[in-house]
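Numbering (the numbering used here), first residue to last: 61 to 271. For each residue, glycine too, the CB sits at the ideal point set by N, CA and C. To start, the structure itself, in structure tokens.
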């Protein structure tokens, strides 16, 4: 996310919002209250829509009121995320809700950053060595509790290849899923084997037939 966030207040005038977008070369910004709690999001599309409605048959109250402000035009409530949410989760939320940016808020809904589509794409520039190190140290060793040499990890252009043999079959999908969720991973090639098949097998029920 970007921590230095350009934002507006509810009372920020229309022209000042336009100046902010133009000066910082951004396409939208969050609108916050006096406590920096996010009230909504305002984009260039919202501003253009307002101008287009000026010549319409039924101008909106915000247009006829005179001094149009960010609070009049913002989309509210804002769709937000928290800092601990993963990049894939944020990307899915953006796609599902059709938004270009997500204000990042703390537990009190105060603005702490903003994540744009460009920010999310930037994570795929991570070095392969960084990804490989994270897979081995944070997932294989720490999360899964396996010796570091149990799983051989290779990364090329963001595609992670896993080879080796884990103890239980159930650990394979768990490990693969964890790798998929890492920032910068674009694919996972699963070559893992296992020693014990721990899948739950249903025990057929026995029916007692009375003579």
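- Query: Among 174, 159, 217, which residue has its Cα nearest to the Cα of residue 165?
  - Reply: Residue 165 has its Cα closest to that of 174, out of 174, 159, 217.
- Query: Would you call the stretch 130-142 and the stretch 95-103 touching, i.e. three or more CB-CB distances under 8 angstroms?
  - Reply: Three or more Cβ pairs drawn from the stretch 130-142 and the stretch 95-103 lie within less than 8 angstroms of each other, which places the two stretches in contact.
- Message: Between the stretch 178-190 and the stretch 67-77, can you find at least three pairs of beta-carbon atoms closer than 8 angstroms?
- Response: The answer is no - the stretch 178-190 does not touch the stretch 67-77, with fewer than three Cβ pairs under 8 angstroms.
- Query: In or out: residue 108 buried (at least 16 other Cβ within 10 Å) or exposed?
  - Reply: Exposed is the call here.
- Message: Just checking: is the beta-carbon of residue 199 within a distance shorter than 8 angstroms of some beta-carbon in chain D?
- Response: Protein chains in the displayed structure number just one, and chain D is not present.
- Query: Going along the chain, which residues of its own chain have a beta-carbon closer than 6 angstroms to the beta-carbon of residue 152, five neighbours each way excluded?
  - Reply: Once the five neighbours on either side are set aside, residue 152 has no close Cβ partner at all.
- Query: Quick one: complete alpha helix (DSSP H) runs, 4+ long, within the stretch 134-213?
  - Reply: If only complete runs of 4 or more residues are kept, the stretch 134-213 shows the alpha helix (DSSP H) at 147-157, 177-182, 188-194, in order along the chain.
- Query: Which class does residue 223 belong to by DSSP, given the choice of helix, strand or coil?
  - Reply: The DSSP-derived three-state label of residue 223 is strand.
- Task: Quick one: give me the first and last residue of the beta strand (DSSP E) that residue 255 is part of.
- Result: Start and end: 247-256.
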